[in-house]
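Engineer:
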Amino acid sequence: MNQRGFFRPPQAWVGDVIPWQEDGTFHLFYLHESRQTPKVGMPWHRVVTDDLTDFRETGVALPSGGPDAPDFNVYTGSIVVDDDDGIHHVFYTGQNPDRRGADGLPLQLVLHATSRDGMATWQRHPEHTFGATPGYETADWRDPFVFWDADAGLWRMLVTARHADGPARRRGVIAQCVSYDLRHWTPAEPFWDPRRYLAHECPEVFEWNGWWYLVWSEFSESFTTRYRMSRSLHGPWHVPQNDTIDGRAYYAAKSAARDGRRFFFGWISTREGGNDDGAWQWAGTLAVLEAEQALDGTLRFHPPHELTSTFNESVTALPTGTVLSASDGYADLILPTEIPTAFRVDALFDIASDTTECGLLLRASEDGDEAYVLRLEPRRGRLVFDRWPRRATGGEQWQISGDVPFAVELERPVALPPGEHRLEVIVDGEMCVATVDGAVSLSTRLYDRTNGHIGAFVGEGTVVVTELTVTARGASEEPSSRVPAALVATA
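So for the sequence shown, my numbering puts the first residue at 3; every next one is plus one.
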């Protein structure tokens, strides 16, 4: 796909990403979802990037073990380097639908492979395979995350697991094993056991400026990636006021750091049938968010400036200081220029007190009646994604889904006191990422409306549009297709 800052392989989709940064380059291993029927076994593929905008596919990294192997499906894991010998180690989940445990469900196992050629090829070590330790369900034992604990002088492995007993919806636990040699693993006490979620997928921990962060994804309360924070690796873990990284469409985000910055790599889900009313699907398009650390340790999320800076060609703008006011109604202003397929909007709203709503219209009709809507709601303290027309449930005038006030699960909490607030949006084809005040992100897909105009609006209140600019990519901003020969995997 000819996109910058996003990646999807030809005729396939990106599942969970396993990021690894080395010598300034991000190696992004990912679950390569082909959606073939019958299933052909899931491999890992790899893309690399130096600039977080151009992604270079290097091919299959860890192939399926084959139809009879315990790792017919190669699922999520992690990568580490043993500093003693420089060998790369990958720990990953293996699953084969035909291999079942005592409960009749497919087994999930932790497997191990090593690379001595800079991650170009991997040697499997089947003798190191192990399944759920006593007390855990055998069908949920996945997503091993391995890291070195310097204080304890050992390796820790976090594992997505479920207790064998207790309420079915709240058995999720991050189990733990420890090792001194990356080959032999001993069960340890659970790393985190809140008894709150069905499962904690794709867990990771990292330290940043004196704070420890625990990140995982869950699908029982909400389909989202969450985080906790602590002054110690061993907790207690504090719940930040806004503990989610993005909304429903952005999932399984895991991170890697470079030069004091930390980046999260997740996937924006596709919708069934490629339309706005389709059900969310597993896997989609790789997208990157940068995390910034606030003074209190909480995290702020936004697209990296490497991506935003690619939009450098002016398309249109609103006059500075445009006022929209409707004390008990609705007012909008639609820019006459039709926007390109890929664009960026940077809008600064000065919101008056007691304003109910304001925001941006994307790909709007000339009269603004039809559009995708990014709506700031100060009274409710949130950003929501909406669209008009909504799905009609019948032929009557009132059957317009008026009881669905926005796209379900595309809602983000954000403080919106009176004053200036910046709403930034990047759209590239189907992809859409919005950010409020450089801190709260919301990602989604735009299928049905492929062109139109940009507009600003207010409902029951007043806003001054201090700034509103629309930019596109210049002719010089074409993505590179260069793939360094040293990074091309050998089949």
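The beta-carbon is built from N, C-alpha and C at its ideal position, and this holds for glycine as well.
Where in the segment 175 to 211 do unbroken runs of the beta strand (DSSP E), each at least 3 residues long, occur, reported from the N-terminal end onward?
Structural biologist: List check, beta strand (DSSP E) in window: 188 to 194, 203 to 210.
Engineer: Using the Cα positions of leucine 489 and alanine 122, report the straight-line distance between them to the nearest angstrom.
Structural biologist: Residue placement at leucine 489 cannot be trusted, given a pLDDT of 35 that sits under 50; what the coordinates show is reported in the next sentence. Whole-angstrom Cα-Cα distance: 7 Å.
Engineer: What does the alpha-carbon distance come out to for the pair proline 21 and arginine 102?
Structural biologist: Spanning the two alpha carbons is a distance of roughly 30 Å.
Engineer: In terms of DSSP beta bridges, what is phenylalanine 8 paired with?
Structural biologist: Its beta-bridge partners are Ala289.
Engineer: In this structure, how does DSSP classify alanine 115 when only helix, strand and coil are distinguished?
Structural biologist: Alanine 115: strand per DSSP, three-state reduction.
Engineer: Taking only three categories from DSSP, how would you classify alanine 354?
Structural biologist: Coil at alanine 354, not helix or strand.
Engineer: Which partner residues of glutamine 23 appear in the DSSP bridge assignment?
Structural biologist: The partner list for glutamine 23 (beta bridge, DSSP) reads Phe28.
Engineer: Rounded to whole angstroms, what is the Cα-Cα separation between leucine 30 and valine 16?
Structural biologist: Each residue's Cα considered, the two are about 11 Å apart.
Engineer: Tryptophan 400 to proline 407, Cα distance in whole Å?
Structural biologist: Distance between the alpha carbons of tryptophan 400 and proline 407 is about 14 Å.
Engineer: Where does histidine 91 sit, in a helix, a strand or coil, going by DSSP?
Structural biologist: Strand.
Engineer: Taking the DSSP output, what are the residues bridged to asparagine 75?
Structural biologist: Asparagine 75 is bridged to Gln97.
Engineer: Using 10 angstroms around the beta-carbon of glycine 473, count the other beta-carbons present and answer buried if the total reaches 16, otherwise exposed.
Structural biologist: At residue 473 the sequence reads threonine, which differs from the glycine that was named. Buried, because 16 or more other Cβ atoms sit within 10 Å of the Cβ of threonine 473.
Engineer: So who's on the other strand from glycine 361, going by DSSP bridges?
Structural biologist: DSSP, once it has assigned bridges, lists Arg377, Phe459 as partnering glycine 361.
Engineer: Based on DSSP bridge pairs, tell me the residues matched to threonine 295.
Structural biologist: A small fix is needed here, since residue 295 is glutamine in this sequence, not threonine. Paired residue(s): Leu301.
Engineer: Let me confirm a value: histidine 186 is counted as buried when at least 16 other C-beta atoms fall within 10 Å, else exposed. Which label applies?
Structural biologist: Burial call: exposed.
Engineer: What does the alpha-carbon distance come out to for the pair proline 305 and aspartate 330?
Structural biologist: The alpha-carbon atoms of proline 305 and aspartate 330 are separated by roughly 35 Å.
Engineer: Quick one: Cα of serine 482 to Cα of tyrosine 182, how far?
Structural biologist: With a pLDDT of only 44 at serine 482, under the threshold of 50, the placement of this residue in the model should not be trusted; the figure read from the coordinates follows. Roughly 42 Å separates the two Cα atoms.
Engineer: Give me, in chain order, the residues of the same chain whose beta-carbon lies closer than 8 Å to that of glycine 440; leave out the 5 immediate sequence neighbours on both sides.
Structural biologist: Excluding sequence neighbours, glycine 440 sits near Glu294, Arg302, His304, Arg424, Glu426.
Engineer: Need the endpoints of the alpha helix (DSSP H) that glutamate 307 sits in, please.
Structural biologist: Correcting the residue type first, residue 307 is histidine in the shown sequence and not glutamate. Taken as a continuous stretch (DSSP letters only), the alpha helix (DSSP H) holding histidine 307 covers 307 to 310.
Engineer: Nearest CA to the CA of cysteine 179: which residue from Ala152, Val148, Gly155?
Structural biologist: Nearest option by C-alpha distance: Val148.
Engineer: Cβ of phenylalanine 266 within 9 Å of Cβ of cysteine 360?
Structural biologist: No, the Cβ-Cβ distance between phenylalanine 266 and cysteine 360 is not below 9 Å.
Engineer: Distance check for glycine 286 and proline 12, CA to CA, integer angstroms please.
Structural biologist: Approximately 12 Å, taken between the alpha carbons.
Engineer: Tell me whether proline 415 sits in a helix, a strand or coil according to DSSP, three-state version.
Structural biologist: Strand at proline 415.
Engineer: So what does leucine 160 bridge to, in DSSP terms?
Structural biologist: Leucine 160 pairs with Phe147, Gln178.
Engineer: Work out the CA separation of tyrosine 252 and glutamate 480 for me, nearest whole Å.
Structural biologist: Per-residue confidence for glutamate 480 stands at a pLDDT of 49, beneath the threshold of 50, marking its modelled position as unreliable; no derived number is given.
Engineer: State the Cα-Cα distance for the pair valine 290 and arginine 475, rounded to the nearest angstrom.
Structural biologist: Those two C-alpha atoms are separated by around 18 Å.
Engineer: In its own chain, which residues sit with a C-beta less than 8 Å from the C-beta of valine 42, not counting the 5 before and 5 after it?
Structural biologist: Same-chain partners within the cutoff: Ser36, Ser66.
Engineer: Between leucine 235 and serine 327, what straight-line distance do the alpha-carbon atoms span, to the nearest angstrom?
Structural biologist: Answer to the nearest angstrom: the Cα atoms are 51 Å apart.
Engineer: Count the other C-beta atoms from every protein chain shown that fall within 10 angstroms of the C-beta of serine 355, then say buried if there are 16 or more, exposed otherwise.
Structural biologist: Exposed, since its Cβ has fewer than 16 Cβ neighbours within 10 Å.
Engineer: Roughly how many angstroms lie between the CA atoms of valine 62 and valine 83, to the nearest whole one?
Structural biologist: For valine 62 and valine 83, the distance between alpha carbons rounds to 20 Å.
Engineer: For alanine 14 versus leucine 64, is the C-beta distance shorter than 9 Å?
Structural biologist: The answer is no: Cβ separation not under 9 Å.
Engineer: Do the segment 203 to 216 and the segment 139 to 159 make contact, defined as three or more Cβ pairs closer than 8 Å?
Structural biologist: Judged by Cβ distances under 8 Å, the segment 203 to 216 makes contact with the segment 139 to 159, as three or more pairs qualify.
Engineer: Measure the Cβ-Cβ separation of arginine 126 and aspartate 167 and say whether it is below 9 Å.
Structural biologist: No; because the gap between Cβ atoms is not below 9 Å, this pair is not in contact.
Engineer: Out of Glu379, Leu156, Val416, Phe221, point me to the one whose CA is closest to arginine 250's CA.
Structural biologist: Considering only alpha carbons, the answer is Phe221.
Engineer: Taking the alpha-carbon of phenylalanine 208 as reference, which of Ala190, Leu109, Phe225, Gly262 has the nearest alpha-carbon?
Structural biologist: With distances taken between Cα atoms, phenylalanine 208 lies closest to Gly262.
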